[in-house]
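Taking this note's numbering, the leading residue of the sequence shown gets 44, the next gets one more, and so forth.
In this text, a Cβ means the ideal position worked out from N, Cα and C, and glycines have one as well.
First up is the structure itself, then whatever we jot down about it.
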Amino acid sequence: MPIESAALAKELAQLCKGRAMLHPVLRERLGPQVRAAFGIEDADQPPAVRSKVRSCVRRLLHDEELQKAALAALALLPRADQGLLKDRETAFARMRSFEARTARRRMRRAIRELVNALAEEHHGRSTPDVRCDDDGIVVRTFHARMRLDSAQPRLYERRTVEVTVDRLDRIAVRLTVPQPEPDAAESDVEVCGGFGGEVGELRRTSPVDFEWTLRLPRTLRLGDTHEYGVDFTIPPGRRMRPHYVFQPLVPCERFELEVRFDPARLPEHVWLIDGLMLRALDHQQAQPERLVPDGRGAVQRTFTNLRQGMVYGVRWSPAAP
C-alpha cells in the first residue's frame with residue numbers, strides 16, 4: 044500500500060489518543076496506513092506490534108530527544124506510559140523539566156518527523172527508480188534560484204515539462220518549508236509571482252507541506268511541452284532551515300540550482316547535497332564536497348540522472364561572525 048503522509052499523520056494522531064499502544068484492543072485501532080508504514084502483519088500480537096513501532100522510532104528518528112518525545116506520545120516510554128495522552132504529556136514534561144505545553148509541542152513535532160521519515164523510507168524502498176506519472180508530467184528542466192541577499196528569502200522556480208497523459212489542464216505545485224527549530228512559529232510561505240498558469244488557493248497537506256493547483260491557460264495533450272514558473276517568499280518574522288533541496292516525485296532530467304547569499308554575510312561553509320535520503324539531511328555532519336560562493340555570493344550546480352525520492356541541493360552553515 045502506498046504511504047500517504049496526510050493519511051498516516053491522521054491515523055497516528057488518533058492512535059496517540061487515550062492509551063495509545065497500550066490500548067487493550069490495540070490491533071483494532073491500527074489503521075491501514077499505520078500497518079503498512081510499520082510493517083505490521085495480521086498475525087502480530089500486541090507485544091510484537093509495540094516492538095515494531097518502537098524499533099522504527101529508534102531507527103528513523105536520529106535525535107534522541109525526538110525519539111523520547113515520539114515514544115511518550117505513543118505510550119512506549121518508561122515513566123511516561125500513562126493511560127491518557129494528557130497524563131503522558133505531563134509526565135514527559137516532568138522528566139525533561141519542561142512546561143506541559145512545551146512537552147505537547149515537542150511530542151507533536153516528533154510524530155510529524157516520524158510520519159515524514161516513514162513516508163520517505165517507504166517511497167525509497169518501493170519506488171526509487173520507477174517512473175511515476177501520477178501528475179501527468181515529466182520534468183525536462185527545472186531551474187531554481189534562491190535569493191538570500193534580501194530582507195526575506197525569495198525562491199524562483201521554473202520548469203519545462205512534457206505531458207504524459209491524454210489531457211492535462213492543471214499541475215500540482217508543492218513546497219515544503221520545515222520549521223527552523225522545534226519551538227519556532229508554524230511554517231508559512233506566500234506565492235508572490237509567476238507565469239504559465241493561474242495559481243489557485245493554498246492547500247496545506249501538513250504543518251510544513253504546501254500545495255497549490257496551477258490552472259493552465261489551455262488544455263495540453265499527450266507529448267505537449269509547457270514552461271511555467273512560480274515565485275515564493277517567506278513572510279517577515281519567519282525563518283527557514285539552512286538548506287534548499289529538491290526531491291523529485293516525478294521523473295526529472297535536469298535540475299539547475301543557484302543560491303545567492305549576501306556577499307557581506309557569507310556562510311562559513313556550503314555543502315553539496317547530491318542524492319541523500321531526506322531524513323539524513325539534518326544529521327549530516329559534513330558533506331563530501333564543499334562549494335565556494337563566487338564574487339556575487341552565489342553558488343551554482345547542475346544535477347542530472349536524478350533519482351526519485353532522493354534530495355539534491357545545498358546546505359550551509361550560519362554566517363561567520
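- Residue range 233-238 is occupied by the beta strand (DSSP E) that includes PHE238.
- THR276 is the residue among ARG264, GLU84, THR276 whose C-alpha sits nearest the C-alpha of MET189.
- Distance check between THR256 and each of LEU191, ALA49, GLY272, ALA116 places GLY272 closest, using alpha-carbon atoms only.
- A residue is called buried when at least 16 other Cβ atoms come within 10 angstroms of its Cβ; ARG155 meets this threshold and is buried.
- Counting only the Cα atoms, GLU84 lies some 21 Å from LEU114.
- A straight-line Cα-Cα distance of about 26 Å links PRO279 and GLN343.
- Comparing alpha-carbon positions, the option among TRP314, ILE214, PRO306, ASP267 lying closest to PRO285 turns out to be TRP314.
- Rounded to the nearest angstrom, the gap between the Cα atoms of GLY74 and ALA194 is 45 Å.
- By the beta-carbon neighbour count (other beta carbons within 10 angstroms, threshold 16), ASP337 is exposed.
- Sixteen is the threshold: when 16 or more other Cβ atoms of the shown chains lie within 10 Å of the Cβ of LEU263, as they do, the residue is buried.
- Residues LEU157, ALA160, LEU161, GLU164, ARG322 of the same chain have their beta carbon placed closer than 7 Å to that of LEU103, with the five preceding and five following residues left out of the count.
- For ASP274, the enclosing beta strand (DSSP E) starts and ends at 268-276.
- In the three-state reduction of the DSSP assignment, ILE83 falls in the coil class, being assigned neither a helical nor a strand state.
- Pairing THR347 with GLU299 gives a Cβ-Cβ distance that is not under 7 Å.
- Contact annotation, ASP209 with LEU265: C-beta distance approximately 5 Å; criterion of less than 8 Å satisfied.
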